[in-house]
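Take a look at the structure below.
Protein chains: 4
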Amino acid sequence: MTNKRRVCVVVTARPSYARIKTALQAIEKHPDLELFLVVGGSALIERYGNAADVIQSDGFTISARAYSLVEGENLTSMAKTTGLAIMEMSNIFLNVSPDVVVTVADRYETLATSIAAAYMNIPLAHVQGGEVTGSIDEKVRHANTKIADLHLVASEYARKRVIQMGEREGSVYVTGCPSIDLARLVSDRTPNLDFDPLGLYGGVGADIDFTEPYLIVMQHPITTQYEQARFQVEETLEAIRKIDIQTLWFWPNSDAGSDGTSKGIRSFREQYKNHKIRFFKNMSPEHFLTILNRAETIVGNSSVAIRECAYLGVPAVNIGDRQAGRDRGKNVVNSDHAADEIYELIKVQIAQKGKLEQDLLYGDGTAGQKIADVIAMHEFTTEKMLTY
Amino acid sequence: MTNKRRVCVVVTARPSYARIKTALQAIEKHPDLELFLVVGGSALIERYGNAADVIQSDGFTISARAYSLVEGENLTSMAKTTGLAIMEMSNIFLNVSPDVVVTVADRYETLATSIAAAYMNIPLAHVQGGEVTGSIDEKVRHANTKIADLHLVASEYARKRVIQMGEREGSVYVTGCPSIDLARLVSDRTPNLDFDPLGLYGGVGADIDFTEPYLIVMQHPITTQYEQARFQVEETLEAIRKIDIQTLWFWPNSDAGSDGTSKGIRSFREQYKNHKIRFFKNMSPEHFLTILNRAETIVGNSSVAIRECAYLGVPAVNIGDRQAGRDRGKNVVNSDHAADEIYELIKVQIAQKGKLEQDLLYGDGTAGQKIADVIAMHEFTTEKMLTY
Amino acid sequence: MTNKRRVCVVVTARPSYARIKTALQAIEKHPDLELFLVVGGSALIERYGNAADVIQSDGFTISARAYSLVEGENLTSMAKTTGLAIMEMSNIFLNVSPDVVVTVADRYETLATSIAAAYMNIPLAHVQGGEVTGSIDEKVRHANTKIADLHLVASEYARKRVIQMGEREGSVYVTGCPSIDLARLVSDRTPNLDFDPLGLYGGVGADIDFTEPYLIVMQHPITTQYEQARFQVEETLEAIRKIDIQTLWFWPNSDAGSDGTSKGIRSFREQYKNHKIRFFKNMSPEHFLTILNRAETIVGNSSVAIRECAYLGVPAVNIGDRQAGRDRGKNVVNSDHAADEIYELIKVQIAQKGKLEQDLLYGDGTAGQKIADVIAMHEFTTEKMLTY
Amino acid sequence: MTNKRRVCVVVTARPSYARIKTALQAIEKHPDLELFLVVGGSALIERYGNAADVIQSDGFTISARAYSLVEGENLTSMAKTTGLAIMEMSNIFLNVSPDVVVTVADRYETLATSIAAAYMNIPLAHVQGGEVTGSIDEKVRHANTKIADLHLVASEYARKRVIQMGEREGSVYVTGCPSIDLARLVSDRTPNLDFDPLGLYGGVGADIDFTEPYLIVMQHPITTQYEQARFQVEETLEAIRKIDIQTLWFWPNSDAGSDGTSKGIRSFREQYKNHKIRFFKNMSPEHFLTILNRAETIVGNSSVAIRECAYLGVPAVNIGDRQAGRDRGKNVVNSDHAADEIYELIKVQIAQKGKLEQDLLYGDGTAGQKIADVIAMHEFTTEKMLTY
């Protein structure tokens with residue numbers, strides 16, 4: 001029997017993994033901590049990129065898998081998936097008996113982790129609270145904050161908001177975001193591409209010459225507007241087609257409406273044979289960031305454009321409302337879901353490439369270690385009260 | 001096809017019903033609203049008092065029943081019950097297609113209602129947010145606030161807290177608590193007991209002479225300390241035994257640990273044959289309040305002692321931490337879980353009977369109508385953002 | 001209030017719909033019956049062909065939808081999907097209060113329908129019991145028989161087997177299989193193709209000239225050998241590629257392992273650009289049978305090859321064990337999962353086209369009406385006992 | 001890594017434990033087997049006697065607990081409990097990776113075990129198939145048979161029926177019933193009562209003098225007639241009251257309707273203060289059998305009266321249909337649910353006490369060892385086909 005704190009981290013989607021990876025490494029190496037990594041939701045599913053494979057090839061041991069994704073391509077299935085995930089998580093926590101559970105950010109199923117831990121009286125640490133975005137993520141994130149006992153936030157802004165929501169000052173720590181740690185590693189390295197993206201990750205569509213300029217697109221459906229998902233992706237596709245620069249397009253994750261997005265993409269691929277886009281399903285976070293670091297501009301509505309790209313100094317065209325409210329640096333311009341506007345702003349941003357300074361808004365690249373240190377030394381309690 | 005707003009209210013436990021009953025009546029009668037009443041959780045189960053029967057005998061139609069209580073007498077079963085409840089609620093909301101869902105207060109399963117509504121893009125109204133208590137209820141209540149789109153709070157204090165948590169001012173209304181509406185009806189009536197409690201509700205234990213002074217006890221197990229539930233109930237039992245005044249004891253609800261409490265009570269009943277306690281499982285809210293209004297003092301950890309009894313001017317001995325943080329009036333004194341202290345404070349409070357003034361802290365008795373009016377006219381949206 | 005029997009039929013997959021469609025029509029028209037159609041499982045999901053859309057365009061009203069498919073691409077998810085389906089079905093049956101529930105054939109999730117009905121004391125009718133196949137279907141089918149109160153079987157052979165399993169003679173009726181009803185309609189009509197398959201159903205791959213000879217392939221993964229799914233589909237693909245006749249390939253359904261099959265097909269499509277195969281996801285049963293009736297030969301492991309094609313006189317190459325044990329007529333030859341053998345047998349069978357007689361083994365084309373009539377007049381009970 | 005077969009046995013209720021206990025012991029001791037004991041359903045719940053405690057005090061290690069009981073006191077909750085149990089079992093089997101799963105007899109939730117194992121391609125052994133009873137157990141038992149790969153039956157009659165249902169002869173073994181093993185141990189021992197039942201198990205009601213004659217009653221609600229449960233228990237109570245011999249009454253298990261039964265018993269206890277009945281919730285199988293062996297007669301509808309009492313030679317009055325169809329010896333007479341008839345037959349049977357011969361109908365007392373031996377040496381496969 002060891003006296004190490006048993007830390008159970010739950011990863012439920014590909015993007016969440018990038019947001020926690022360096023923390024997982026630091027927890028695993030920490031002399032006072034023992035890591036139990038639970039992988040669930042879309043992170044286990046092939047057509048959402050099977051993050052579990054990436055996680056294992058990164059050397060992590062997966063302690064438990066929680067298959068909880070209820071199919072339905074509609075909003076009801078998000079609710080049901082969350083219900084099923086609570087059941088799965090409560091079983092896993094019963095078996096693992098963790099001293100701390102860590103829930104990451106604001107995807108809908110993260111509330112399942114939070115509820116299972118809180119109702120079982122297990123201290124809950126929440127990573128990346130206190131940010132502002134809108135859409136369902138907004139509700140999920142702040143609900144996680146109100147359930148959590150420890151808050152590991154990315155920025156000073158976030159810290160102030162969490163405290164203003166009524167959390168004890170002593171329970172909130174600014175660690176930066178672990179995704180910036182990966183960005184730091186990537187930006188420290190030689191600028192040459194030291195791997196073969198097409199050989200490793202395949203993808204479908206146009207060939208890409210990585211010695212030439214390229215764009216990156218990541219565009220997720222917005223769940224509260226999911227019927228418009230197809231229209232929205234088509235506007236972006238049209239802008240990219242018109243700009244006629246080679247483009248790496250990353251497949252959206254498993255929210256309701258992803259099928260509207262998928263259909264728009266499939267239809268585009270059948271209609272336009274000579275476009276310069278290559279579609280990818282998944283990539284290891286480091287490889288993705290290496291490619292991102294060299295991109296002319298990132299287009300879409302991913303938070304990567306706002307967070308990692310602030311640190312990396314990569315220009316971004318942020319489309320629509322998905323990131324509304326999120327603290328942002330000078331690398332970002334905003335566009336509506338309109339092909340012409342997107343097209344014009346991409347041209348503007350390409351001109352910024354190489355001219356932007358590093359912005360430490362979301363961390364200095366040591367978040368993983370800070371998170372592990374806080375989890376190791378914080379005095380946990382599951383009792384709390386609004387501070388006002 | 002009607003243009004009325006379809007309002008789906010979910011009641012999951014006996015005490016929640018008292019907290020919403022007059023709002024249900026006002027919604028049902030409102031010309032612009034249509035009521036869909038969902039009953040679930042312990043409110044359907046015989047051994048927790050089957051609130052569903054009371055609800056129907058009050059003249060309400062139950063639109064759907066959600067059996068979601070997973071047995072287990074432990075904390076895991078609270079989590080699983082919540083997971084199952086999300087699945088049940090999402091099915092029901094899919095069938096009912098409500099324009100608004102109403103979730104009541106802060107029991108653990110109310111988060112299931114909130115999550116199902118929010119993930120299905122249905123506007124969510126939360127009744128009785130912004131209060132402060134501690135224990136798991138505290139986390140649940142504020143998480144409900146962060147998920148809800150409309151806040152119907154009981155007091156000015158609560159309004160300020162909800163706004164401080166980052167909710168838009170325009171989404172928060174002070175309505176008072178519907179439980180006070182019932183208290184107003186009761187206190188307006190003749191002081192004579194116009195029904196036969198023993199004939200109507202049975203109960204087991206000592207005979208009660210309602211023309212003589214009596215106490216009321218309501219003591220719930222505290223989920224984060226559930227192993228102590230038996231000890232806690234035994235301290236109260238001992239104090240009541242010693243005070244030797246006839247007592248009406250109301251059975252606790254379905255939280256984990258209720259079996260510790262139950263065992264303490266059963267053991268007491270077998271050990272002491274000549275005690276003056278009668279145990280009840282359930283009573284209609286009006287009948288309960290009528291009896292409460294005439295009680296010398298209420299003992300235990302129920303919020304009724306703090307809320308309704310403020311309005312009624314009934315003295316209360318509040319035991320332990322369950323109501324810690326809750327705004328309270330002059331009718332309340334606090335005790336530890338210690339038989340002697342409870343005993344002494346009961347004596348003090350009995351002397352206060354008849355001398356306390358009405359306190360409108362939790363409402364003026366018109367909350368139900370106000371809630372219905374707000375739900376009828378509020379412009380709902382499911383998009384929101386932290387205000388800071 | 002009507003005195004009609006309320007008949008709840010549950011359809012959980014595309015192939016099940018063809019097996020029950022004419023019975024649904026006859027139940028709907030029957031003066032003594034009222035139809036409640038429940039659609040669940042993969043029948044609701046786009047990537048499995050969304051049978052629900054076909055059902056509605058055929059004029060049926062779907063009374064309830066049960067989203068129960070748990071993703072996982074493994075055997076555990078079949079079990080979990082069944083567990084979730086029981087919960088969904090029990091809710092639906094509670095709301096619908098049917099007098100009879102009808103479960104169709106032998107897919108894994110049909111046991112969910114059977115268990116929910118039986119445990120709720122609702123008489124259960126099972127369609128297509130008494131057949132012999134192997135694989136998990138075999139266990140599911142006979143378990144359905146042992147739970148069901150009424151047996152509507154396709155053939156005299158099946159009747160004997162159901163009775164030998166201990167069911168009362170009076171509870172077993174030979175109705176034939178409703179899929180043969182559709183085959184009869186199709187074979188009665190003019191041999192000209194009166195619709196445009198490519199315009200209606202799209203599909204991807206080679207163009208098809210329907211005035212020229214063509215093959216049909218339907219090959220499902222076998223769940224108890226699911227790791228071999230990719231190998232098996234590749235052998236068939238190779239045989240089809242070699243025979244070099246235009247081919248309509250129908251996508252497999254949602255069993256575990258379908259991703260092995262899918263991968264084999266995708267890989268083939270990327271490797272061979274000039275093949276003559278067109279891949280379809282779905283087709284209305286009538287359109288499918290019209291095309292099937294004109295095919296040179298059907299290849300794969302679908303029961304259609306053995307059942308409908310017996311009636312239609314279409315030659316079939318049945319591959320592997322999936323249909324082992326099933327009663328078959330002269331139109332069928334068997335092959336291992338070996339490209340060469342499949343190739344040779346396809347050549348043999350093409351020569352049989354037009355020379356086979358109609359075989360009434362699975363019915364005379366009036367099964368739907370017979371099923372409705374039996375359900376309308378049978379005296380149901382939920383009590384039964386083994387007859388020996 | 002061991003080469004022992006990993007045998008996962010699932011116990012879901014108090015009575016099932018008695019039916020498998022000696023097999024558990026033999027599996028645990030067998031050099032080629034490794035036991036994984038899963039306890040679920042009502043076996044974990046206090047108010048159904050918490051068999052888990054008994055199991056642990058017997059020295060077994062519980063490998064996993066599956067909380068799956070959904071409250072509801074109605075038939076829907078039986079279905080939902082089974083759905084939830086499938087989910088729980090599939091998780092457990094995924095973690096345990098058993099080589100064989102063992103499901104016991106015919107309670108409704110045993111189908112959850114069978115389905116989870118079969119769908120996950122794990123060989124399934126079924127204990128006590130081939131018997132005939134009626135009610136929902138009948139359907140469950142034979143469905144288990146049709147899903148199972150190995151059949152360990154209690155009698156030659158049962159073996160013939162299982163084979164006649166289409167199972168391979170080589171997959172059916174007559175082992176006798178493990179409950180008879182316990183009966184053998186008890187009947188071999190000294191006739192003196194070597195423990196204090198009241199001290200160990202408490203119970204409520206009349207005092208019992210174990211040196212004087214006494215009756216035993218076990219009466220379960222019948223799920224398909226559950227509204228009559230209260231009437232039925234009242235008839236038996238009236239007969240027992242009239243016969244005026246001291247009686248040990250064992251509380252029913254967790255089927256729907258148990259509350260009708262419970263209410264009848266509670267009402268009786270309040271009405272009649274001087275009855276000679278003592279009510280027990282639970283007892284270890286050995287202690288129960290020791291007491292049973294000395295009883296004048298057993299009354300009710302438990303299978304113990306037919307099985308164990310055949311071996312022990314204890315007279316039995318079997319009431320109602322619950323055991324209809326079950327092979328029985330000379331110790332049993334049948335009664336309707338009618339107080340007078342029950343009363344008269346109890347008198348008849350008391351006169352038989354001490355005059356009945358041992359009947360080996362359900363085994364010779366070595367079933368546990370035989371079951372372990374078969375599981376250790378049988379060549380398992382998950383493929384099977386009807387034999388005709």
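Note that the protein sequences, when read in sequence, are chains A, B, C and D. The first sequence: position 57 = 57 (UniProt numbering), numbered continuously. The second sequence: position 248 = 248 (UniProt numbering), numbered continuously. The third sequence: position 287 = 287 (UniProt numbering), numbered continuously. The fourth sequence: position 136 = 136 (UniProt numbering), numbered continuously. The C-beta atom is built at its ideal place from N, Cα and C for all residues, glycine as well.
In terms of residue numbering, what span does the alpha helix (DSSP H) encompassing A66(B) cover?
In the second sequence, residue 66(B) corresponds to position 66, counting from 1. Not the alpha helix (DSSP H): A66(B) falls in the beta strand (DSSP E), residues I62 to A66.
Give the straight-line distance between the Cα atoms of R269(B) and T211(B), rounded to the nearest whole angstrom.
For the purposes of this step, residue 269(B) is identified with residue 269 of the second sequence, where counting begins at 1. For the purposes of this step, residue 211(B) is identified with residue 211 of the second sequence, where counting begins at 1. For R269(B) and T211(B), the distance between alpha carbons rounds to 24 angstroms.
From E379(C) to Y119(C), what does the alpha carbon distance come to, in whole angstroms?
Taking the first residue of the third sequence as position 1, residue 379(C) is located at position 379. Taking the first residue of the third sequence as position 1, residue 119(C) is located at position 119. Going by the C-alpha atoms only, they are around 19 angstroms apart.
Alpha carbons only, please: which of Q219(C), A229(C), F250(C) and Y272(C) is nearest the one belonging to R241(C)?
If you number the third sequence from 1, residue 241(C) lands on position 241. Taking only the C-alpha atoms, the option nearest R241(C) is Y272(C).
Would a C-beta distance cut-off of 8 angstroms place residue 391(C) and Y343(C) closer than the cut-off?
Only positions 1 to 388 of chain C appear in the structure, and residue 391(C) is not among them; the question remains open.
When the cut-off is 8 angstroms and only beta carbons count, does S97(A) lie next to chain B?
Counted from its first residue, the first sequence places residue 97(A) at position 97. No, S97(A) lies away from the interface with chain B (no Cβ there is under 8 angstroms from its Cβ).
Take the Cβ of G203(C) as the centre, count every other Cβ of all protein chains shown within 10 Å, and call the residue buried at 16 or more, exposed below.
If you number the third sequence from 1, residue 203(C) lands on position 203. Buried is the call here.
Taking 8 angstroms as the CB-CB limit, is N318(C) close to chain D?
If you number the third sequence from 1, residue 318(C) lands on position 318. By the rule that beta-carbons nearer than 8 angstroms mark a contact, N318(C) does not touch chain D.
Would you mind listing the beta strand (DSSP E) stretches within the stretch 261-288 of chain B that are 3+ residues and don't spill past its ends, in chain order?
The stretch 261-288 of chain B is shown to contain whole beta strand (DSSP E) runs of 3 or more residues at 277-280, in chain order.
On a CA-only basis, which of N3(A), K4(A), R19(A) and L215(A) is nearest P285(A)? Give me that one, please.
Within the first sequence, residue 285(A) is the residue found at index 285, counting from 1. When each option's Cα is compared against that of P285(A), the closest is R19(A).
Proximal residues, the stretch 78-92 of chain D versus chain C, C-beta separation under 7 angstroms:
Answer in chain order: M78, A79, K80, T82, G83, L84, I86, M87 and S90.
Taking Cβ-Cβ distances shorter than 8 angstroms, what residues in chain D pair up with residue 389(B)?
As shown, chain B starts at 1 and ends at 388. That puts residue 389(B) outside it, with no answer to give.
Taking the C-alpha atoms as reference points, what is the distance between G72(D) and L69(B)?
For the purposes of this step, residue 72(D) is taken as residue 72 along the fourth sequence, with counting starting at 1. For the purposes of this step, residue 69(B) is taken as residue 69 along the second sequence, with counting starting at 1. Going by C-alpha positions, G72(D) is about 8 angstroms away from L69(B).
Given that E238(D) touches chain B, what residues does it touch there, using C-beta distances under 7 angstroms?
If you number the fourth sequence from 1, residue 238(D) lands on position 238. Close to E238(D), with beta-carbon spacing below 7 angstroms, lies no residue of chain B; the smallest spacing is near 22 angstroms.
Using a Cβ cut-off of 7 angstroms, pull out every chain A residue sitting near Q228(B), in sequence order please.
On the second sequence, position 228 is the one that residue 228(B) refers to. Contact annotation for Q228(B) against chain A: no contact, minimum CB-CB distance about 13 angstroms [criterion: below 7 angstroms].
Cα-Cα separation, A376(D) to T145(D)
Indexing the fourth sequence from 1 puts residue 376(D) at position 376. Indexing the fourth sequence from 1 puts residue 145(D) at position 145. Cα to Cα, A376(D) sits roughly 20 angstroms from T145(D).
Quick check on the burial criterion: 16 or more other C-beta atoms within 10 angstroms. Buried or exposed for V304(C)?
Indexing the third sequence from 1 puts residue 304(C) at position 304. Here V304(C) is buried: its Cβ has 16 or more other Cβ atoms, across all protein chains shown, within 10 Å.
Counting contacts by CB-CB distance shorter than 8 angstroms, is residue 455(D) in contact with chain C?
With chain D covering only 1 through 388, there is no way to say anything about residue 455(D).
Contact criterion: CB-CB distance below 8 angstroms. Does I277(C) meet it with respect to chain E?
The structure shown contains no chain E; the protein chains it does contain are A, B, C and D.
Taking all protein chains shown into account, decide if D340(A) is buried (16 or more other Cβ within 10 angstroms of its Cβ) or exposed.
By one-based count along the first sequence, residue 340(A) stands at place 340. Only exposed fits D340(A), as fewer than 16 other CB atoms lie within 10 angstroms of its CB.
Going by DSSP in three states, A338(D) sits in which element: helix, strand or coil?
As a first step, residue 338(D) is located in the fourth sequence; it is residue number 338 there, counting from the start. In the structure shown, A338(D) falls within a coil segment according to DSSP collapsed to helix, strand and coil.
Starting from the Cα of A43(D), find the closest Cα among A51(D), L200(D) and H287(D) and give me that residue.
As a first step, residue 43(D) must be located in the fourth sequence, where it is residue number 43. In terms of Cα proximity to A43(D), the closest of A51(D), L200(D) and H287(D) is A51(D).
Reference V174(B); option with closest CA among L215(B), A154(B) and G354(B):
If you number the second sequence from 1, residue 174(B) lands on position 174. Measuring from the Cα of V174(B), the nearest candidate turns out to be A154(B).
List, in chain order, every chain A residue whose beta-carbon is nearer than 7 angstroms to that of Y108(B).
On the second sequence, residue 108(B) is found 108 positions in, with the first residue counted as 1. Residues of chain A whose Cβ lies closer than 7 angstroms to the Cβ of Y108(B) are, in chain order, Y119.
With DSSP as the reference, label H30(C) as helix, strand or coil.
One-based indexing of the third sequence puts residue 30(C) at position 30. Look at H30(C) here: in three-state DSSP terms it is coil, with no helix or strand label.
Decide yes or no for the touch test of the stretch 105-119 of chain C against the stretch 346-358 of chain D: beta carbon pairs closer than 8 angstroms, at least 3 of them.
The answer is no - the stretch 346-358 of chain D does not touch the stretch 105-119 of chain C, with fewer than three Cβ pairs under 8 angstroms.
Quick one: is F288(C) buried, meaning 16 or more other Cβ sit within 10 Å of its Cβ, or exposed?
Within the third sequence, the letter at position 288 stands for residue 288(C). Counting every other CB atom within 10 Å of its CB across the protein chains shown gives F288(C) a total of 16 or more, marking it as buried.
Once you ignore the five residues that flank I298(C) on each side, which residues in its own chain have a CB closer than 8 angstroms to its CB?
Start at 1 with the first residue of the third sequence, and residue 298(C) comes out as number 298. For I298(C), same chain residues with a beta-carbon under 8 angstroms away, outside a window of 5 residues either side, are L215, I216, V217, M218, L292, V304, A305, C309, V314, P315, A316 and V317 in chain order.
Supposed contact pair P98(B) and V7(B) - C-beta distance, whole angstroms, cut 8 angstroms
Translated into positions along the second sequence, residue 7(B) becomes position 7. Translated into positions along the second sequence, residue 98(B) becomes position 98. Correct: roughly 7 angstroms between the Cβ atoms.
With distances taken from CA atoms, which of T76(D), L35(D), H142(D) and Q56(D) is nearest V100(D)?
For the purposes of this step, residue 100(D) is identified with residue 100 of the fourth sequence, where counting begins at 1. The candidate whose alpha carbon is nearest that of V100(D) is L35(D).
Quick one: which chain A residues come within Cβ less than 7 angstroms of T103(B)?
In the second sequence, residue 103(B) corresponds to position 103, counting from 1. Residues of chain A with a Cβ closer than 7 angstroms to the Cβ of T103(B) do not exist; the shortest Cβ-Cβ separation is about 13 angstroms.
Reducing DSSP to helix, strand and coil, say where residue 411(D) ends up.
Absent from the model: residue 411(D). The displayed extent of chain D is 1 to 388, so no value can be given.
Considering only their Cβ atoms, is the gap separating W251(A) from G83(A) smaller than 8 angstroms?
Working through the first sequence from its first residue, we reach residue 83(A) at position 83. Working through the first sequence from its first residue, we reach residue 251(A) at position 251. Going by C-beta atoms, G83(A) is not nearer than 8 angstroms to W251(A).
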